[in-house]
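Chemist: Dropping the structure in here first, questions after.
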Amino acid sequence: MKVKYFAWVRERVGMAEETVEPPADVRTVSDLIGWLSSRGETYAHAFEKPKVIRAAIDHAHVRPDAAISGAREIAFFPPMTGG
Amino acid sequence: MSVTATIRIQEADFDAAQEIAALTKGRTDIGAVVTFSGICRGSENGEPIAALTLEHYPGMAEAEIGRHADEALSRWPLQGLTIIHRFGRIAPGENIVLVVTASPHRQAAFEAAEFLMDYLKTNAPFWKREESETGTSWIEARDHDDAAAARWTKS
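So the sequence lines, in the order shown, correspond to chains A and B.
In terms of this note's numbering, the first sequence opens at residue 1148 and continues consecutively.
In terms of this note's numbering, the second sequence opens at residue 73 and continues consecutively.
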């Protein structure tokens, strides 16, 4: 699946997007944050406060307990500040 | 008559007067037009800023604004709706966002415009970064924006 990062999450991870293949026991958005955080310091820094991170699956906002099965694109970003 | 919202996510500036004219030209059924323009301030928390840079999530920004436009069209009797949100570097005094609602009577136009702005601020995937003399920093989301959006939730 494709993972995209925006704003300071993107800056901390150090890239705008990547393709990942998490193991089968990574089932939810929250699991994915945990798995990404285990991949290195940049990820751990980006996700150090998981509660402030928002997520979207295929362009729709989702909660941390949302299943990632079948997702084409998952995005992580800070709370929005548009408008 | 079904109404289709005009939604544009663009780097270029827009002209609010032109957008109003595009909605109302040749129409005699519209009784009220409400326009909200969001403009870049020259200071943030009392500190002068040189510019804002808006990052957005292409694809999701259109989808999210489209969902809220559809909800506004289903909740209020609107005859026209235009939403424009800019991205990129925006200097103080320049436009950031525009919402134009047209309806037979003013209440629907006011309410729909307010609903859309409250949701745009909290749900549309845009992030502002400010530039000042001391460097750049991401603007943090505000709790009162979430509270403003929450009041539109149907109980």
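Quick reminder that beta carbons are idealized off the backbone N, C-alpha and C, glycines included.
Since the model is a prediction, treat every value here as computed from it, not as a measurement.
Is there at least one non-hydrogen atom of the ligand HEM closer than 8 Å to the beta-carbon of Thr173/B?
Modeler: Absent from the structure shown: the ligand HEM. Ligands present: none.
Chemist: In chain B, which residues lie with their C-beta within 8 Å of the C-beta of His1208/A?
Modeler: Chain B residues near His1208/A: Glu136, Asn195.
Chemist: Would a check of beta-carbon distances place Glu143/B closer than 9 Å to chain A?
Modeler: No, Glu143/B lies away from the interface with chain A (no Cβ there is under 9 Å from its Cβ).
Chemist: Answer with yes or no whether the minimum CB distance from His140/B to chain A is below 9 Å.
Modeler: Taking Cβ atoms only, chain A never reaches closer than 9 Å to His140/B, which makes this a no.
Chemist: Is there a Cβ of chain D sitting closer than 9 Å to that of Pro1197/A, yes or no?
Modeler: Checking the listed chains, one finds no chain D in this structure; the protein chains it contains are A and B.
Chemist: Go to Leu95/B, then tell me how far its alpha helix (DSSP H) extends in each direction, as first and last residue.
Modeler: Taken as a continuous stretch (DSSP letters only), the alpha helix (DSSP H) holding Leu95/B covers 88 to 96.
Chemist: Per DSSP, what are the beta-bridge partners of Leu192/B in this structure?
Modeler: Answer is none; Leu192/B lacks a bridge partner.
Chemist: Taking only beta-carbon atoms, is Ile233/B less than 9 Å away from chain A?
Modeler: Within the shown structure, residues of chain B are numbered from 73 to 227, placing residue 233/B beyond reach of any answer.
Chemist: Quick one: residues in its chain with C-beta nearer than 7 Å to the C-beta of His177/B, no 5 flanking neighbours on either side, listed in chain order?
Modeler: So the list reads Gly103, Ala104, once near-sequence residues are dropped.
Chemist: Output, in chain order, the set of chain A residues within a Cβ distance shorter than 8 Å of Leu126/B.
Modeler: Residues of chain A passing the Cβ test: Gly1229.
Chemist: Please name the residue or residues paired with Leu1179/A in a DSSP beta bridge.
Modeler: Beta-bridge pairing links Leu1179/A to no other residue.
Chemist: Tell me whether the beta-carbon of Ala84/B lies closer than 9 Å to the beta-carbon of Arg158/B.
Modeler: Yes, the Cβ-Cβ distance between Ala84/B and Arg158/B is below 9 Å.
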